[in-house]
DNA sequence: ACAAAAGTGTTGATCGTACACCCATGA
DNA sequence: TCATGGGTGTACGATCAACACTTTTGT
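Next up, the structure:
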């Protein structure tokens, strides 16, 4: 128990894996990289990499995120630790313990395939299967977690740009959950939650080319939703 | 990213830390061990230890749990991964990445201080402060997580023995949340959730020495609570 | 004028809370 | 028979889902 005999423990490699999620064209997408080396050469995988000696897993995740997306400033982005995957056989070559994160982006830039990755690309969530290692499972866990957290936290704004309309916010819910929501009721629930969104005075934006311009909102200071916005089994077309 | 140059990564020690929680005499308790070596010799800490070469973090956690509690069978106990703590300075001697778990026990046995720990003891949650390393924070995170999961999962039964009364189940909520609940309404909510609890036919038990014998229930197959059992700010004596 | 998208109003059903009340047991 | 804890009934208020309706823009 925390003894310090240098030989009492096995050295492990520690990595971070990132499930980078965003919404493009009304569908959930994940950022994938094509592996250049064995094992799994040519297969798609989640971006990630080794921890550097002086950084925490959170810092490593943010560094990798910046490298993979090419974003200059990733400080504001939502980064959430999912869980740690440590099964002995998860990497065929050596013992690797991986701390997995979910990252949520608005309005994604084209990834610039830098770093060691052969190529990086946004892939629709439904087509992101057959990934290397246990990344299928990590990605599924990320989606489950994000879907659940939409219910009782203000996480949805992390998928939106700094200023957004309530219609755009509703599309986040509809896309991630795959259900349709009633617009009047959604609006009331969101506005009834103090600190979820704040109006941007005087601003208005046309969303679909036609129709009444929508009021513009910013994310508010609240982090939790009371009462929660529950997923109801009302089937509907997913946006 | 997942390159295999053996020198491209820094070796880390990987440990598990356990926040073992239980209810004794109407109060939340945590299992703590007294450290025998530097650093933090003589201080109290969460039980834990290094991963063995061939086991996952979950397996290591269950092994440590069995060692510390002296329980013969820990297979049925609820073990939940909290998060991973990886800040570079969290251990003064070396780089240690620790996967933290919360474990929930019913009816705790006296710990038998085995293993490397000088002594192991159940400590009331409110008095468990000044722990070694960042264990104060891990323990607080464990309590927060458990309290939150009581709202929307069937986790409460993990604090109860195999057969329990609804009054005992209600005490779990009241103790962890520190609020009083309305008994008739609690009963209805629990019974209205399919699969939360199942009646044990014909069984009844006296709880307080006096009063009507209570019907006995078992944990059901359900894992999530729909609708959730929300914490209301109705102040009341904490059981 | 029409379509499309935002926003408001209203109503009936459901749910939750608070509380009164009855039941079974030990002292 | 009283205290104690288990269990049932009920009524009022809050909340929510559903849908009708108005407003503002582009074509």
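Chains as they are written, first to last, in the UniProt record's numbering: chain Z, 1 to 239; chain U, 1 to 239. The beta carbon of each residue, even a glycine, is placed where N, CA and C say it ideally should be. Values in this document were obtained by computation on a predicted structure and should not be read as measured data.
Margin query: Please confirm whether residue 81 of chain U has its beta-carbon closer than 8 Å to some beta-carbon of chain Z.
Written below: yes
Check: Alpha carbon to alpha carbon, how far is residue 106 of chain Z from residue 80 of chain U?
Finding: Looking at the two C-alpha atoms, the distance is approximately 31 Å.
Notebook entry, point to check: Looking only at its own chain, which residues have a Cβ that is under 7 Å from the Cβ of residue 24 of chain U, when we skip the five neighbours before and after it?
Noted result: Within the same chain, Cβ atoms closer than 7 Å to the Cβ of residue 24 of chain U are found at 108 and 122, the five residues on either side in sequence being excluded.
Margin query: When you compare the CB of residue 190 of chain U with every CB in chain Z, is at least one pair closer than 8 Å?
Written below: The Cβ of residue 190 of chain U sits no closer than 8 Å to any Cβ of chain Z.
Check: Just how far apart, CA to CA, sit residue 166 of chain Z and residue 173 of chain Z?
Finding: 11 Å
Notebook entry, point to check: Do you know offhand how far residue 117 of chain U's Cα is from residue 87 of chain Z's?
Noted result: Note that residue 117 of chain U scores a pLDDT of 49, beneath 50, so its modelled location is shaky; the value from the coordinates is reported in the next line. If you take the alpha carbons of residue 117 of chain U and residue 87 of chain Z, they lie about 27 Å apart.
Item checked: Every unbroken beta strand (DSSP E) within the UniProt domain "Nudix hydrolase" (11-145) of chain U, with a cutoff of 3 residues, ordered by chain -> 13-24, 27-34, 48-50, 78-85, 96-105 and 119-124
Next item on the list: Enumerate, from N- to C-terminal direction, the unbroken alpha helix (DSSP H) stretches of 4 or more residues contained entirely within the stretch 138-222 of chain Z.
Entry: 166-177 and 183-192
Note to self: Can you find the residues in the same chain that come closer than 8 Å, C-beta to C-beta, to residue 161 of chain U, ignoring five residues on each side of it along the sequence?
What the structure shows: 106 and 107
Notebook entry, point to check: Where does residue 224 of chain U sit, in a helix, a strand or coil, going by DSSP?
Noted result: In the structure shown, residue 224 of chain U sits in a strand (DSSP, three-state: E or B).
Checklist line | Pair within 8 Å by beta-carbon distance, residue 192 of chain U and residue 135 of chain U | finding: no
Check: CA-CA distance, residue 41 of chain U and residue 201 of chain U?
Finding: 52 Å
Next item on the list: Measure the alpha-carbon distance for residue 97 of chain Z versus residue 131 of chain U and round it to whole angstroms.
Entry: Between residue 97 of chain Z and residue 131 of chain U, the C-alpha separation is close to 26 Å.
Notebook entry, point to check: Between residue 20 of chain Z and chain U, is there a C-beta pair that is closer than 8 Å?
Noted result: Judged by the 8 Å Cβ criterion, residue 20 of chain Z is not in contact with chain U.
Margin query: Here's a check: name, in chain order, each residue in its chain whose Cβ is nearer than 7 Å to the Cβ of residue 152 of chain U, leaving out the five neighbours to either side.
Written below: 224, 225 and 228
Notebook entry, point to check: CB residue 28 of chain U to CB residue 18 of chain U, shorter than 8 Å?
Noted result: No. Outside cutoff.
Checklist line | Whether residue 83 of chain U touches residue 141 of chain U by CB criterion (8 Å) | finding: yes
Notebook entry, point to check: What's the C-alpha gap between residue 104 of chain U and residue 62 of chain U?
Noted result: 12 Å
Next item on the list: Alpha carbon to alpha carbon, how far is residue 120 of chain U from residue 43 of chain U? Give it in angstroms, no decimals.
Entry: 12 Å
Check: Does the beta-carbon distance from residue 102 of chain Z to residue 146 of chain Z come in below 8 Å?
Finding: yes
Next item on the list: Can you give me, in chain order, the residues of the stretch 171-183 of chain U that have a beta carbon less than 8 Å from any beta carbon in chain Z?
Entry: Along the stretch 171-183 of chain U, none of the residues has a CB nearer than 8 Å to a CB of chain Z.
Check: Taking just the CA atoms, how far does residue 190 of chain U sit from residue 185 of chain Z?
Finding: 28 Å
Next item on the list: Flag this pair as yes or no: are the beta carbons of residue 148 of chain U and residue 99 of chain U separated by less than 8 Å?
Entry: no
Next item on the list: Report the rounded CA-to-CA distance for residue 75 of chain U versus residue 188 of chain Z, giving the unit in angstroms.
Entry: 46 Å
Check: Going along the stretch 200-231 of chain U in order, which residues come within less than 9 Å of chain Z, judged by CB to CB distance?
Finding: Hits within the stretch, in order: 226, 227, 228 and 230.
Next item on the list: Evaluate residue 195 of chain Z with the Cβ neighbour count: other Cβ atoms within 10 Å of its Cβ, from every protein chain shown; 16 or more gives buried, anything less gives exposed.
Entry: exposed
Item checked: 8 Å Cβ cutoff met for residue 53 of chain U and residue 95 of chain Z -> yes
Check: Hey, how far is the Cα of residue 70 of chain U from the Cα of residue 179 of chain U?
Finding: Rounded to the nearest angstrom, the two C-alpha atoms are 32 Å apart.
Item checked: Per-residue contacts from residue 95 of chain U into chain Z (C-beta, under 8 Å) -> 53
Checklist line | Under 7 Å from the C-beta of residue 258 of chain Z: neighbouring residues of chain U | finding: Residue numbering for chain Z in the displayed model covers 1 to 239; residue 258 of chain Z lies beyond these limits and cannot be assessed.
Notebook entry, point to check: According to the Cβ coordinates, are residue 216 of chain Z and residue 163 of chain Z closer than 8 Å?
Noted result: Yes, Cβ-Cβ distance for residue 216 of chain Z and residue 163 of chain Z is below 8 Å.
Notebook entry, point to check: Can you name the residues of chain Z whose CB is closer than 9 Å to the CB of residue 146 of chain U?
Noted result: In chain Z, no part has a C-beta under 9 Å from the C-beta of residue 146 of chain U; the shortest such distance is about 16 Å.
Notebook entry, point to check: Just the Cα atoms here: how many angstroms apart are residue 92 of chain Z and residue 219 of chain Z?
Noted result: 43 Å
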